[in-house]
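Q: Heads up, the sequence shown is in our numbering, so the first residue is 4 and it goes up one at a time. Quick reminder that beta carbons are idealized off the backbone N, C-alpha and C, glycines included.
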Amino acid sequence: MMLRERYDQIKSRVHVILDDPTPGDRTAFRVQWFLALVVLLNAVAIVLATVPSIDRQFRFLFGPLMNSCLLIFTIEYLLRIWSCTSSQNIREIIGDRFRYAMHLYLLIDLISILPIFFPILLHRNLTLLRTVRLLSIFKLGRYSRYSQSLAQLKRVLFRKREIFAIMVFILIFVVLFSSTLLYLIEFPVQPEKFSSIPASMWWSAMTITTVGYGDIYPVTTLGKIIAAGFTFLGVLVLALPSAILATGFIEEKNRHPDSDPVQRVARAGLMNHFTSLHDEGKLSDQEYEEYVAMVTCLRPKNE
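(1) Among Ser56, Ser279, Trp85, which residue has its Cα nearest to the Cα of Gln12?
(2) If you run the structure through DSSP and keep just helix, strand and coil, what is Met105?
(3) Which one of Ala52, Leu138, Ser199, Arg9 has the shortest CA to CA distance from Leu117?
(4) Specify the secondary structure class of Asn257 as computed by DSSP and reduced to three states.
(5) Do you know whose CA, among Asp218, Thr213, Val214, Thr212, lies nearest Ala202's CA?
(6) Is Asp28 helix, strand or coil when you go by DSSP?
(7) If we count the other Cβ atoms within 10 Å of its Cβ and call it buried at 16 or more, is Arg83 buried or exposed?
(8) So that I know if they touch, is there some Cβ in chain C lying closer than 8 Å to that of Ile228?
(9) So, for Leu286: in the same chain, excluding its five sequence neighbours on each side, which residues have a beta-carbon less than 8 Å away from its beta-carbon?
(10) Taking the alpha-carbon of Pro194 as reference, which of Asp288, Arg59, Pro221, Ile169 has the nearest alpha-carbon?
(11) DSSP on Asp112, reduced to helix/strand/coil?
(12) Express the C-alpha separation of Leu225 and Asp174 in angstroms, rounding to a whole number.
(13) Exposed or buried, which one is Asp23 when buried takes at least 16 other CB atoms within 10 Å?
(14) Which whole-angstrom value describes the C-beta separation of Ile211 and Val177, a residue pair presumed to lie in contact below a C-beta threshold of 8 Å?
(15) If we count the other Cβ atoms within 10 Å of its Cβ and call it buried at 16 or more, is Tyr10 buried or exposed?
(16) Does the separation of the CB atoms of Ile97 and Met69 fall below 8 Å?
(17) Measure from the alpha carbon of Leu38 to the alpha carbon of each residue in Asp58, Leu74, Ala52, Pro55, then state which is nearest.
(18) Can you tell which of His106, Val159, Thr183, Gln60 has its C-alpha closest to the C-alpha of Asp145?
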């Protein structure tokens with residue numbers, strides 16, 4: 004019985020460390036940082052290995068490093084699957100683990116460790132092998148949930164989703180309309196470049212985004228005038244999302260003016276400090292009231 008309880012405690016602790024770390028848990032913090040560092044090292048090694056001169060010089064290092072990272076990813080994946088359920092029923096255990104394995108980041112974890120399960124199949128295609136291994140970089144996405152800034156960005160995007168949907172629709176309309184106009188105007192003069200509306204869409208995308216790749220461009224006077232107009236329109240269309248995001252962040256800041264827990268802790272500490280000084284007789288009633296008023300002024304109105 005004690006062994007079973009100890010087993011359950013270890014499983015629960017592993018799950019907390021890997022999937023649900025609590026603030027102030029130093030062990031979980033170190034493990035999360037270690038796994039993130041392994042992901043970055045793996046990505047750097049894969050990228051550098053594609054440079055022939057670097058690969059020849061450091062091949063003795065890249066191979067063991069990437070294999071070690073792959074082994075760590077495999078252990079991490081197995082531990083996540085093992086610790087994700089606390090049920091004692093076999094059917095529930097299988098169901099819980101299957102549902103957990105279907106989560107996005109668990110699928111990414113599984114894909115990133117495929118080379119260790121199918122080395123013969125993937126070894127024949129070095130490009131495919133490196134691509135699969137490089138997918139592990141998406142494992143870093145799971146750490147975004149611990150970021151207050153990213154959480155704020157998600158809230159802003161969600162609240163402004165209708166406006167962004169309209170912006171995407173406008174952008175698609177502008178691309179279609181401009182490519183159709185340039186096709187009608189430039190096709191008689193440049194049939195090899197503006198051969199169709201889909202071919203003209205490449206010019207439209209490059210023009211509206213102001214990239215200007217230069218392989219396709221109008222040569223007629225009317226085509227140049229229309230292209231210049233759509234270039235200015237593209238600048239305006241692409242500048243709007245920045246303004247929308249800025250407005251959204253300002254609204255979010257006004258809605259949650261004190262989302263930083265450090266500020267709340269600091270004010271509580273000051274209040275406790277002043278209270279203890281007052282109780283010890285080191286602060287007069289008037290001084291204590293002044294300090295309390297000062298701390299209260301620092302507190303947001305909705306707190």
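A: Considering the structure as presented:
(1) Trp85
(2) coil
(3) Leu138
(4) helix
(5) Asp218
(6) coil
(7) buried
(8) Absent from the structure is chain C; it holds one protein chain and no more.
(9) Phe277, Leu280, Tyr294
(10) Pro221
(11) helix
(12) Before going further, note that residue 174 is Leu rather than Asp in the sequence given. Approximately 22 Å between the Cα atoms of the pair.
(13) exposed
(14) 6 Å
(15) exposed
(16) no
(17) Leu74
(18) Contrary to the premise, residue 145 reads as Arg rather than Asp in this sequence. Selected option, being the one with the closest Cα: His106.
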